[in-house]
Amino acid sequence: MASKKKILIIGIPMDLGAENLGVDAAPKALRTRGIVKKLQNPQIEIKDEGNLKISAREKIKAGKKNLKYLDEIVRVSEVTAKKVDSVISSKNKVLAIGGDHAISLGTISGASVALKGDLGVIYLDTHGDINTDKSTLSGNIHGMHVASVLGYGNEKLINVYKKGGKIKKENIILVGGNDFDNAEEIFIKKEKIKTFTIMDLLANGMNPLFKIINDLNKKVKNIWVSLDLDVIDYVYAPGVGIPNTGGLTYREISAIAKYIGKNCNVVGMDLVEYNSTKDIDNKTAELAIELTAKIFGSDYSPYTQYMEKNKI
Ligand SMILES: [Mn+2]
Numbered sequence: 091m092a093s094k095k096k097i098l099i100i101g102i103p104m105d106l107g108a109e110n111l112g113v114d115a116a117p118k119a120l121r122t123r124g125i126v127k128k129l130q131n132p133q134i135e136i137k138d139e140g141n142l143k144i145s146a147r148e149k150i151k152a153g154k155k156n157l158k159y160l161d162e163i164v165r166v167s168e169v170t171a172k173k174v175d176s177v178i179s180s181k182n183k184v185l186a187i188g189g190d191h192a193i194s195l196g197t198i199s200g201a202s203v204a205l206k207g208d209l210g211v212i213y214l215d216t217h218g219d220i221n222t223d224k225s226t227l228s229g230n231i232h233g234m235h236v237a238s239v240l241g242y243g244n245e246k247l248i249n250v251y252k253k254g255g256k257i258k259k260e261n262i263i264l265v266g267g268n269d270f271d272n273a274e275e276i277f278i279k280k281e282k283i284k285t286f287t288i289m290d291l292l293a294n295g296m297n298p299l300f301k302i303i304n305d306l307n308k309k310v311k312n313i314w315v316s317l318d319l320d321v322i323d324y325v326y327a328p329g330v331g332i333p334n335t336g337g338l339t340y341r342e343i344s345a346i347a348k349y350i351g352k353n354c355n356v357v358g359m360d361l362v363e364y365n366s367t368k369d370i371d372n373k374t375a376e377l378a379i380e381l382t383a384k385i386f387g388s389d390y391s392p393y394t395q396y397m398e399k400n401k402i
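Rendered as structure tokens:
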């Protein structure tokens, strides 16, 4: 039997990277939904490390219009990166619960430093999050951190935890994209960033994605998965910051999560943009927990539990 995996949960209740308030409550809400107990099984030990401290929005200034809350986001990213670095350096895995997606600037930076750059990223998101301070339309940093970890955009964001970009541009895959800004489309094309969009999925099925993931596995030993729940259609995941009307179905996202869990050495993941106030019958929370289990190569589903309980 494979050795028992230890996954440390780090709650990062930060919503400063986004406009849509409410995602800061996600770590608490997911704990209330039983994420710790539900992920635990004979192969996986979960340790909850609690939450990082984030300054409240009303107590700080937004600062520059094209880089809102830059200083606090950089500070939180430094703390996050240090924490993730120490967990991965001690051979444990990380489940980082946001917050908005800007938390991944710190998580990916910390993981990359711990693994000396031998890290690929599978980025599940309907958006690109690949704007810079020059191209942003909103000034929200949760739309910029992918560019930052690749070494583009504002210096303070790029140089979090260690100087320079953290992920080689050929080592990231943007999966499930359906809502890129024009500037993002141009950037992705110019820099040859690998994408597997909803259009690719409809045109060619899932196989090309599995091939890109296999190719990434040949180039890097370790994978970080960044799961923005808004990649999923709102029918299955209504409880997100920005609900998606053209997203992945349950069948598709669960197959992707399962494929990653079976085939990649996942060292950690982000679970971001959960908004409990928009959730319906906790289905987004339950799905988030199920996908997390699958991405770490394990399993949990309310349906399986129901079957076991009722001995069906
Ligand atoms: Mn995102």
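Counting from 91, one number per residue, gives the positions in the sequence shown under the working numbering. Using N, Cα and C, we set each Cβ at its ideal position, and we do this for glycine too.
Could you spell out the range, first to last residue, of the alpha helix (DSSP H) harbouring residue i?
i: K384; result: 373-385
i: Y340; result: 340-353
i: L185; result: Counting along the chain, L185 falls outside any alpha helix (DSSP H), though it belongs to the beta strand (DSSP E) covering 183-188.
i: D161; result: 160-179
i: T197; result: 194-204
i: D275; result: Sequence inspection shows Glu at residue 275; the Asp mentioned does not correspond to that position. Its alpha helix (DSSP H) spans residues 272-280.
Pull up the distance between the alpha-carbon of residue i and that of residue j, whole angstroms please.
i: G266; j: G153; result: 32 Å
i: I313; j: I198; result: 10 Å
i: M91; j: V177; result: In this prediction, M91 scores a pLDDT of 46, lower than 50, which makes its location untrustworthy; no coordinate-derived value is stated.
i: G188; j: E274; result: 23 Å
i: R147; j: L106; result: 7 Å
i: D114; j: F277; result: 30 Å
i: L111; j: G210; result: 30 Å
i: P392; j: E376; result: 7 Å
i: L185; j: D138; result: 9 Å
Am I right that residue i and residue j are in contact with their C-beta atoms under 8 Å? What's the rounded C-beta distance?
i: G233; j: N221; result: 5 Å
i: L142; j: K246; result: With a Cβ gap of about 19 Å, L142 and K246 do not count as contacting.
i: I193; j: V362; result: 6 Å
i: K384; j: A347; result: 4 Å
Helix, strand or coil: which one does DSSP assign to residue i?
i: M91; result: In this prediction, M91 has a pLDDT of 46, which is less than 50 and means its spatial position is unreliable; what the coordinates show is noted afterwards. DSSP places M91 in coil when its eight states are reduced to three.
i: I99; result: strand
i: Y213; result: strand
i: E135; result: strand
i: D257; result: It is worth fixing the name first, because residue 257 is Ile in this sequence and not Asp. In this structure, I257 counts as coil in the three-state DSSP scheme.
i: I322; result: strand
i: V413; result: As shown, the chain starts at 91 and ends at 402. That puts residue 413 outside it, with no answer to give.
Starting from residue i and walking both ways along the beta strand (DSSP E), at which residues does that stretch end?
i: G229; result: That residue, G229, is in no beta strand (DSSP E); it is neither H nor E in DSSP.
i: L317; result: 312-318
i: M359; result: 356-362
i: R284; result: The sequence shown places Lys at residue 284, not Arg. 284-286 is the extent of the beta strand (DSSP E) around K284.
i: I262; result: 262-265
Does residue i get closer than 8 Å to chain C when you measure Cβ to Cβ?
i: I343; result: This model lacks chain C altogether, as it is built from one protein chain only.
Does the region 316-334 come close enough to the region 242-259 to have 3 or more Cβ pairs within less than 8 Å?
Flag = no, the region 316-334 and the region 242-259 do not touch.
Tell me, please, whether the region 131-138 touches the region 350-366 by the rule of three or more beta-carbon pairs shorter than 8 Å.
Short answer: they don't touch.
Is the region 116-128 close to the region 92-107, with three or more CB pairs under 8 Å?
Short answer: they touch.
Contact the region 201-219 vs the region 311-329: 3+ CB pairs below 8 Å:
Enough Cβ pairs lie closer than 8 Å, so yes.
Cβ contact (3+ pairs, closer than 8 Å) linking the region 193-208 and the region 276-285
No, the region 193-208 does not touch the region 276-285.
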